Amino acid sequence: MRTFRLSRAAWLAALSLAAGCSGSRPRAAALSHDTLRPSATQIAANRDPQLDLFAASTASLDIEHSGTNPEILTASHDQISNAGSQSAPDAPEAPSEMIDVNALSLATLEAWALESNPSIRQASASAYKAMGFRNQVGLAPNPTIGFFGEQIGDAGTDQYGAFVSQDIITGGKLQLNQNVLSHSVQSQLWEVETQRYRVLTDVRLRFYEALAAQQRLNAATEFDTVLAEGVRIAEVRKEAAEGSVPEILLAKIQRNEVRLVQQRAKYSFEAAWNELAATVGNRSLQPTSLAVPNAPSLAARNWEAVYSDVTSRSPELKAANARVCRAAANVQRQNAQPIPNIELQAGLGHDLATDQQFGRVQAGLPIPLFNKNQGNIAAADAEYCRAQQEYQRLRMSLSARLARTANEFDSALATVDQYVAEILPQAQQSLDLSEKAYSAGEFSYLQVLTARRTYFDATMVVIDAKRDLAKASAAIDGLLLSGGLDATSDTPEDDGLRGQSLSGQ
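Numbering (my numbering), first residue to last: 641 to 1145.
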């Protein structure tokens, strides 16, 4: 029976080991064996310095096993959902019923999402799966015991006995198998961390969408009060023979326009809230007010420094780097395959003809005459080249994503700076002066309408610009990762390397 006890602290320790292979990576320009195949020195450079600890992961992960039949992992969903986490907040219990909470904070919604998001558990299950295969491919073959009989039916000359046979795996193939899959475990652990960033980024983006819709709704509601007063004043002026019917109609038209904005903002808030609730993992969550978080920094960014920071911390790149290391280790593994295994057999029997005991010993090994594993070696070389190019592709993809986000951030920052510092205060001052001048009979009503529209439009522009700025900042903080509800990539591993090792062919 095999049992597993995997604590959260152990997961964190495992992830801390999965720091990727920071050594140099041999470059490959063409699919040539001489060009692509890394040397033993290059393999060592690519190898994680902590890999030996991974090879003994049954101790570092507090996994105990005995016997031959694996059972279902007994780790809880809480442990799985937090696998690979370095800084996951302590999550309160996610609500299961419709609730009404005053001013929900972003931190609370993030914690709920980390607790309930199925994609994180998917990625964690894949990491467990990779660990299982990693352990399996290093297991030695079982011995075989049996009975033999010779010259049966030949009276008085029968020979009977028992034998035991064992395949000896040479060339360190089993250890190399575990070396290959240890890098796959590292990759899957980084996939868990990648998915955590995706979930958090999605929650933040949905939160800022809902918050902006809420603020637009509030702004339209407050301005509707101002316009209602404007309609009343226009009607009073008409009764006093100081105004006209067109003034009343224009005031009502402007109020109806703002009411339409108010209605659309309400629909936008409900849609954004529903999407936020789905991202958090609780569709029954009632729309409620959202707490305004601390505003992102309004300082200009050094985008080269941001790119360096993102690429140095990106779990997406670390996972890709682990796959490069896995491919390099597999090249070394396939080169060891032609080393023949030894087949040993020993037996003890009894000869009825002589009434004596006898022993027998047999040894054999395949000769790598025709099959030198050349096809698998060439495939491993190509896989190594592909993994290198995938790493470079992801770096270029990060650069492109950052370029788009940088444009959104800079544009929103310039808008916020200009509107908050100058345009909005000037629009407020213009509205106040126009209202006073109109009351004194110095301004026409059209000038008042223009001042109101300018102020209202400026308010909406500031809300949208702050939303765009917060979303761009959230994308950068999330290392340009999104797609928290997308399916995660499963481990491509199985126990095929062990079968290859045992076949000797």
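All residues carry an ideal CB built from backbone N, CA and C; glycine is no exception.
None of these values were measured; they are calculated from a predicted model.
Is the distance from the Cβ of Asp1126 to the Cβ of Ser759 below 8 Å?
yes
Using the C-alpha atoms, what's the distance from Ser1070 back to Ala1077?
10 Å
Under 8 Å between the Cβ atoms of Arg1107 and Ala1027?
no
Jot down the residue ranges of each uninterrupted beta strand (DSSP E) in the region 975-1047, minimum 3 residues, whole runs only, in chain order.
982-991 and 996-1004
Does Val946 have its Cβ less than 8 Å from a Cβ in chain B?
Looking for chain B here will not work: only one protein chain is present.
Which residues in the same chain as His990 place their Cβ atom closer than 8 Å to its Cβ, once the five residues preceding and following it in sequence are excluded?
Gln799, Tyr800, Gly801, Gln996, Gln997 and Phe998
Environment of Ala881 [buried if 16+ CB atoms lie within 10 Å]:
exposed
Which residues bound the alpha helix (DSSP H) around Phe909?
Val885 to Val920
Between the alpha carbons of Ala723 and Asp1135, how many angstroms are there, rounded?
The predicted model places Ala723 with a pLDDT of 37, which falls under 50 and marks its position as unreliable; any figure quoted below should be read in that light. Near 23 Å, if we compare the C-alpha coordinates of Asp1135 and Ala723.
Taking the C-alpha atoms as reference points, what is the distance between Glu875 and Ala1091?
19 Å
Does the distance between the C-beta of Asp1108 and the nearest non-hydrogen atom of the ligand MG fall short of 7 Å?
With respect to the ligand MG, the structure offers nothing, as it holds no ligand at all.
How do the region 886-898 and the region 853-869 stand: do at least 3 beta-carbon pairs fall below 8 Å, yes or no?
yes
If you measure between the beta carbons of Asn970 and Val1102, is that distance less than 8 Å?
no
Using beta-carbon positions only, say whether Gly883 and Trp752 come within less than 8 Å of one another.
no
Runs of 4 residues minimum, wholly inside the region 1063-1113: which ones carry the alpha helix (DSSP H) assignment?
1064-1079
Check this for me: beta carbons of Ser805 and Glu983, under 8 Å apart or not?
yes
Taking the alpha-carbon of Gln1145 as reference, which of Asn1016, Ala1054 and Glu1023 has the nearest alpha-carbon?
Asn1016
Excluding the 5 residues flanking Glu887 on each side, which residues of the same chain have their C-beta closer than 8 Å to its C-beta?
Ala874, Arg877, Lys878 and Tyr1085
Report the rounded CA-to-CA distance for Arg1035 versus Arg1041, giving the unit in angstroms.
10 Å
Please classify Gly1124 as buried or exposed, where buried requires at least 16 other C-beta atoms within 10 Å of its C-beta.
buried
Who pairs with Phe788 in a beta bridge, going by DSSP?
Gly801
Does Gln806 come out as helix, strand or coil in the three-state DSSP assignment?
strand
Report the option in Asp1021, Pro980 and Ala1020 whose CA atom is closest to the CA atom of Phe1010.
Pro980
Cα separation between Ala765 and Val832?
9 Å
With 16 other CB atoms within 10 Å as the buried threshold, where does Arg1044 fall?
exposed
Note down the Cα distance separating Ser824 from Tyr768, rounded to an integer number of angstroms.
11 Å
If you run the structure through DSSP and keep just helix, strand and coil, what is Ala1127?
coil
Would you kindly check if the distance between the Cβ of Ala968 and the Cβ of Tyr1031 is under 8 Å?
no
Using three-state DSSP, classify Leu744 as helix, strand or coil.
strand
Confirm, please, whether the CB-CB distance from Leu1137 to Asn817 is below 8 Å.
yes
Three-state secondary structure (DSSP) at Leu925?
coil
If you draw a straight line from the alpha carbon of Ser1113 to that of Pro936, how long is it in whole angstroms?
7 Å
In three-state terms, what does DSSP make of Gln726?
Interpretation of Gln726 is limited by its pLDDT of 37, a score under 50 that renders its predicted location unreliable; no figure is taken from the coordinates.
Go ahead and label Asn1047 buried or exposed: buried means 16 or more other beta carbons lie within 10 angstroms of its beta carbon, across all protein chains shown.
exposed
Can you list, in chain order, the residues of its chain whose CB lies under 8 Å from that of Thr861, leaving out five sequence neighbours each side?
Gln902
Whose CA, out of Pro1008, Ala743 and Ile893, lies closest to the CA of Leu1089?
Ile893
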